[in-house]
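There are 2 protein chains.
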Amino acid sequence: MRRVSIVGIGQVPVKQRHESGLRKLGAAAVRAALADAGIETVDALYAGNMLSDELQGQKHVASLIADEAGLAGIEALEVKAATASGAAALRVGYLTVAGGAAERVVVVGAEKMSDGAPTTALAKSLDAHREVRDGATMLSHNARLMQLYLERYRPPAGALAHFAVNAHHNACANPNALYCNRGLTVERVMASREISPPLRLLDCAPICDGAAAVILAPASEARQYTTGPVDILSSAVATDRFRLADRPEPLRLVAAERSVALALARAGVTAAEIDFFELHDAFTIMSCLALEAAGFARPGEGWRLAVEGEIRREGSIPITTLGGLKARGHPIGASALYQACEAVIQLRDQAGPGQVPGARLAMMQSVGGVAATIITHILGRG
Amino acid sequence: MRRVSIVGIGQVPVKQRHESGLRKLGAAAVRAALADAGIETVDALYAGNMLSDELQGQKHVASLIADEAGLAGIEALEVKAATASGAAALRVGYLTVAGGAAERVVVVGAEKMSDGAPTTALAKSLDAHREVRDGATMLSHNARLMQLYLERYRPPAGALAHFAVNAHHNACANPNALYCNRGLTVERVMASREISPPLRLLDCAPICDGAAAVILAPASEARQYTTGPVDILSSAVATDRFRLADRPEPLRLVAAERSVALALARAGVTAAEIDFFELHDAFTIMSCLALEAAGFARPGEGWRLAVEGEIRREGSIPITTLGGLKARGHPIGASALYQACEAVIQLRDQAGPGQVPGARLAMMQSVGGVAATIITHILGRG
């Protein structure tokens, strides 16, 4: 397979409520990415979106966004894996260029969560028949994992809250982030209202609107488009038993272990070489479990990296370097594309006050459902 | 890119109402395809489904079906393009094997339409904001195309009904078909109740449940799995202006013209070499327009192929050879996988009384929305 580069990025600022509809948000991100690469069109568009069926009464969004972006005629498909849909689309865009089926592709993620109440639609990530019917939601399942973790490993009070504090501080360097809260403290996270105990409001990523896109091309031609190409060194998807109840050790994210191992092997790098990790911090517990699954901490000790400051930009494994899902925002199907844009900005050395010093190798990850699907990409300076 | 073969097929009989849920239908098709290829597992599963969000309250169906089929761990993603979602999944499975990212892949389509009323969800194929809000549905838009066609080209009364008659006759040779109606006549189609005039009940494919799957592998290894490999010679997706109102000539399926031209060029064959055409006969008018767009008839003359019997198995361009969407049934996200299984059966020379004599080259096509997306595959004997 050919090496693939990201040669253009485009982001719409994340907002709690955008005036524009989904179609226009997606097209704006596509056009911004095209402009960044200095091109007018592409061979194909792959779209990540999760909730348009329910919130906009809209399917067929890849073709719709392609038309709105002035690209009618090109190939356009949606790719989905519940809350990991943006990364799923990136995976297919990568495969298309790597395999030689296309020379230039745009991958766009777009989500407009403000058009209704997304909780019910989000829960469709779980087994409708055997989990949702029994009362489970994404929130209740993540709360259950957090409870199991707190009971089993007994971290100090507020240990997980450090993940939220780090994300909110980092977001201040990101002009596209929803939040910037330099004053956020562990105490304030712990004092926020209980959502689904022990999850509190500030353990959870916010509901918001956004769209982001990247342009992919063969690495051999990347410098036609940009002075700062970033290579996708690998892409890997893995699944776990679908239902949480079917997993012998629910605190082990087996799909994440497998996806990371595949991604590292395919890229030919080790976890120790990763300079920063854009993980899927939809909930503070997920940050902790993802660090453990990726091998950055032993089981039960992921929280130490947060408490000891190792997840900060100057730490040993910086995460959510420009705010993450928690503070940049988590417009579901768009989140992985924001991660990709932010990783590119870091690897281009353009993150300004948010720059991870000397960043050359990035890992990014998306979680579908309660870790039934995990998608990991590794990016490196081109 | 490597040549890709279909080395296993699996079909669940199409029914108006299956007892099993979506998850089990999909897994049954996957297991049947694995058994046909003589293998236990694959590297990845790509799923086509359109309506599970609404009808089952279920997203994340690729991972769910993988788990139910005993394949938890493997890559699993959904691929969508509204009513062409099955073909979209086949496209990605093809790209994955052709590009060298996987050695063995299963593509499964599954749809259970009997769990509710699908009309509203189907209409989400159209522009929610500028078409559905104005009252459009898939039925009303297809009715409009039929009305435009009848007014512009003035075919003899009942000309389009021949497409339904042919499909129903052909389905009798297909043990997985929903219907077999040897006694159907043009007069009975014309006497069926008006649905959305001028569309009558028997102009439309039925609402039903089903699942089908294919196993893909590199052609160079195909004979490890089967004595009758069928190659996917090409795959092509094209789009049109999304809204019907934005198309200068709505009776020209521009995306179909483009998709067919790309598919033929990529396969290195001409339309005249195609032995049969599994087209997307969700409505009789769509069969007619698809034949014209593919170059088998001049604009305004597609109906002649039906009236003159050229679409029959012994005709110049046989279509819907084992019943098509109209009579085998159209469980939306599964339909393209049924087409693929049926094309394989024809190309393996195993269609019994339904055999297209000497079939060596097949074209199959799916229509997303009202032809905003068209996906065409060309298959040939391996």
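Residue numbers (the numbering used here), protein chains in the order written: chain A, 726 to 1107; chain B, 726 to 1107. Think of the CB as a built atom: it goes at the ideal place given N, C-alpha and C, for glycine as much as any other residue. All figures in this text were calculated on a predicted structure; none of them were measured in a lab.
I'd like to know whether the C-beta of residue i is nearer than 9 Å to at least one C-beta of chain A.
{"i": "Lys740/B", "result": "no"}
{"i": "Glu1089/B", "result": "In the sequence as displayed, the identity of residue 1089/B is Met instead of Glu. No, no contact with chain A."}
{"i": "Ile799/B", "result": "yes"}
{"i": "Phe1008/B", "result": "no"}
{"i": "Gly824/B", "result": "yes"}
{"i": "His854/B", "result": "yes"}
{"i": "Glu779/B", "result": "yes"}
{"i": "Gly782/B", "result": "yes"}
{"i": "Val755/B", "result": "no"}
{"i": "Val817/B", "result": "yes"}
{"i": "Lys837/B", "result": "no"}
{"i": "Ala862/B", "result": "Looking at the sequence provided, one finds Thr at residue 862/B rather than Ala. No, because no Cβ of chain A sits closer than 9 Å to the Cβ of Thr862/B."}
{"i": "Asp792/B", "result": "yes"}
{"i": "Ala769/B", "result": "yes"}
{"i": "Ser945/B", "result": "no"}
{"i": "Gly1020/B", "result": "no"}
{"i": "Ala807/B", "result": "yes"}
{"i": "Met726/B", "result": "yes"}
Between which two residues does the alpha helix (DSSP H) holding residue i run?
{"i": "Ile871/A", "result": "In the sequence as presented, Ile is not what sits at residue 871/A; that position holds Met. That run of the alpha helix (DSSP H) goes 863-878."}
{"i": "Ala790/B", "result": "Per the sequence shown, the amino acid found at residue 790/B is Ile instead of Ala. Run containing Ile790/B: 786-793, per the alpha helix (DSSP H) assignment."}
{"i": "Tyr1063/B", "result": "1060-1072"}
{"i": "Asp746/B", "result": "A small fix is needed here, since residue 746/B is Gly in this sequence, not Asp. Element bounds for Gly746/B: n/a, residue is neither H nor E."}
{"i": "Met1011/B", "result": "1009-1018"}
{"i": "Val732/B", "result": "From DSSP, Val732/B is part of no alpha helix (DSSP H) but of the beta strand (DSSP E) over 729-736."}
{"i": "Ala961/A", "result": "From DSSP, Ala961/A is part of no alpha helix (DSSP H) but of the beta strand (DSSP E) over 955-964."}
{"i": "Leu909/A", "result": "It is not in any alpha helix (DSSP H) - Leu909/A carries neither H nor E in the DSSP assignment."}
Using the C-alpha atoms, what's the distance from residue j back to residue i?
{"i": "Gly834/A", "j": "Tyr1063/B", "result": "30 Å"}
{"i": "Glu946/B", "j": "Ala1087/B", "result": "22 Å"}
{"i": "Ala797/A", "j": "Ala963/B", "result": "8 Å"}
{"i": "Glu1026/A", "j": "His1005/A", "result": "18 Å"}
{"i": "Pro1056/B", "j": "Pro931/B", "result": "8 Å"}
{"i": "Ala1065/A", "j": "Thr1046/B", "result": "46 Å"}
{"i": "Ile1042/A", "j": "Ala1018/A", "result": "14 Å"}
{"i": "Pro975/A", "j": "Arg855/A", "result": "17 Å"}
{"i": "Arg1085/B", "j": "Leu820/B", "result": "23 Å"}
{"i": "Gly1048/A", "j": "Leu873/A", "result": "27 Å"}
{"i": "Arg991/A", "j": "Ala1007/B", "result": "43 Å"}
{"i": "Glu1003/A", "j": "Thr1101/B", "result": "38 Å"}
{"i": "Glu1033/A", "j": "Arg877/A", "result": "21 Å"}
{"i": "Gly824/B", "j": "Arg728/B", "result": "9 Å"}
{"i": "Arg983/B", "j": "Leu909/B", "result": "34 Å"}
{"i": "His743/A", "j": "Val786/B", "result": "30 Å"}
{"i": "Ala882/B", "j": "Ile920/B", "result": "18 Å"}
Using a Cβ-Cβ cut-off of 7 Å (strictly less than) and excluding sequence neighbours within five positions of residue i, which residues of its own chain qualify?
{"i": "Thr1009/B", "result": "Leu885, Ala886, Phe888, Ala889, Asp928"}
{"i": "Ala892/B", "result": "Asp1006, Thr1045, Gly1048, Gly1049, Lys1051, Ala1052"}
{"i": "Ala791/B", "result": "Leu770, Ala797, Ile799, Ala801"}
Along the beta strand (DSSP E) that carries residue i, what are the first and last residues, could you check?
{"i": "Val939/B", "result": "934-943"}
{"i": "Lys805/B", "result": "800-805"}
{"i": "Ala769/B", "result": "769-773"}
{"i": "Ile1003/B", "result": "Looking at the sequence itself, residue 1003/B is Glu, so the reference to Ile does not match. Glu1003/B -> beta strand (DSSP E) spans 1001-1003."}
{"i": "Met1089/A", "result": "1086-1093"}
{"i": "Glu919/B", "result": "919-921"}
{"i": "Arg1023/A", "result": "Arg1023/A -> no beta strand (DSSP E), and no H or E assigned at all."}
{"i": "Arg1106/A", "result": "1098-1106"}
When you compare the CB of residue i with every CB in chain B, is at least one pair closer than 9 Å?
{"i": "His785/A", "result": "yes"}
{"i": "Phe967/A", "result": "yes"}
{"i": "Ser1060/A", "result": "no"}
{"i": "Ala842/A", "result": "no"}
{"i": "Ser850/A", "result": "yes"}
{"i": "Ser788/A", "result": "yes"}
Going by beta carbon distance, what residues of the same chain come within less than 6 Å of residue i, once the five residues before and after it are set aside?
{"i": "Ser917/A", "result": "Arg925, Leu926, Leu927"}
{"i": "Gln783/B", "result": "Ser777"}
{"i": "Ile999/A", "result": "Leu1086, Met1088"}
{"i": "Gly841/A", "result": "Leu780"}
{"i": "Pro880/A", "result": "Trp1028"}
{"i": "Phe1021/B", "result": "Ile1042"}
{"i": "Gln741/B", "result": "Cys933"}
Enumerate in chain order the residues of its own chain whose CB-to-CB distance from residue i is below 8 Å, with the five nearest sequence positions on each side excluded.
{"i": "Phe967/A", "result": "Asp852, Gly1094, Ala1097"}
Entirely enclosed alpha helix (DSSP H) segments - the segment 823-869 of chain B, minimum 4 residues: 844-848
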